[in-house]
Amino acid sequence: MPSDRTIRFGAAAFSLVFAGVVLLGYLPGVNAPVHQHHPGMDPGEHLLLGTYKISLLDDVTHGLTALLLLVASLYSARASRLFLAVFGSYYAVDAAIYLITGVLQQSALKSNVLLNLPHVIVSSAMLALAYRGRANVPRKSSKPLPSRVVRRL
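In the working numbering, the protein residues as written are -8 to 144.
Dropping the structure here:
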């Protein structure tokens, strides 16, 4: 089971990842001009690294995720684990929705997977850290129940 320190460090590290994603979208020279209208895109959207369509909503979501994970990491391991589980689940559902939408819209499989791969990887890592080695999760016992317990059932 990861130590409390590892959980808190993990939450802080993911906070930096999400803050980096937001900041990367605003670095001149890395992206097209921020929030410049591109053909086929809504006003207020920009391409991150020329590949990922990012809206202001995405920037706010990633920024709030970064902020809340940072606060949780400074507060406690329990809060860190909770926020890793919550945001890991959120980004996993987000990835699933967009993967399924891509299939239904008959997008090329390779581009659909590559576009959603960051959320799949990040959510998997967050959930693994949040749930790995949980002490309060009942494990399946290999021992049979005692006969006095079986009779009561």
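Glycine included, each C-beta is placed from N, C-alpha and C at the ideal position.
Given the structure is predicted, the values throughout are model-derived calculations rather than measurements.
Could you tell me how far apart the beta carbons of Leu75 and Ala2 are, in whole angstroms, since I believe they sit closer than 8 Å?
-> Looking up residue 75 in the sequence shown gives position 84. Looking up residue 2 in the sequence shown gives position 11. The pair is a contact, with the Cβ atoms about 6 Å apart (cut-off 8 Å).
How close, in whole Å, do the beta carbons of Ala99 and Ile(-2) come, if the pair is a contact with beta carbons under 8 Å?
-> Working through the sequence shown from its first residue, we reach residue 99 at position 108. Working through the sequence shown from its first residue, we reach residue -2 at position 7. Not quite, the Cβ-Cβ distance comes to about 38 Å (not below 8 Å), so this is no contact.
Own chain residues within Cβ distance below 6 Å of Ser64, not counting five before or after = Position 73 of the sequence shown, counted from the start, is the residue given in the question as residue 64. Around Ser64: Arg(-1), Ala2, Ala3 and Ser71.
Helix, strand or coil: how does DSSP classify His28 here?
-> Residue numbering aside, residue 28 sits at position 37 when the sequence shown is read from its first letter. In this predicted model, His28 has a pLDDT of only 49, less than 50, meaning its place in the structure is not dependable enough to derive any value.
Considering only C-alpha positions, which residue in the set Gly20, Asp85, Val84 and Asn103 is nearest to Gly93?
-> Within the sequence shown, numbered from 1, the residue matching residue 93 stands at position 102. The candidate whose alpha carbon is nearest that of Gly93 is Asn103.
Confirm the yes/no value for this check: CB of Pro(-7), any heavy atom of the ligand SAM, distance under 6 Å.
-> For the ligand SAM, the structure offers nothing, since it holds no ligand at all.
Since I believe Asn107 is in contact with Leu90 (beta carbons under 8 Å), could you give me their beta-carbon distance rounded to a whole number of angstroms?
-> Translated into positions along the sequence shown, residue 90 becomes position 99. Translated into positions along the sequence shown, residue 107 becomes position 116. Confirmed, Cβ separation roughly 5 Å.
Skipping 5 residues on each side, what residues in its chain have a beta carbon closer than 7 Å to that of Ala83?
-> Locating residue 83 in the sequence shown gives position 92, where the first residue counts as 1. Closer than 7 Å at Cβ, skipping near neighbours: Ser114 and Leu118.
Thr52: which of Ala86, Leu73, Ala116 and Val13 sits nearest, CA to CA?
-> Residue numbering aside, residue 52 sits at position 61 when the sequence shown is read from its first letter. Checking every option, the nearest Cα to that of Thr52 belongs to Val13.
Take Val147 and list the residues in its own chain whose beta-carbon comes closer than 6 Å to its own, dropping the five residues that flank it on each side.
-> The first residue shown for the chain is -8 and the last is 144, placing residue 147 beyond what the model contains.
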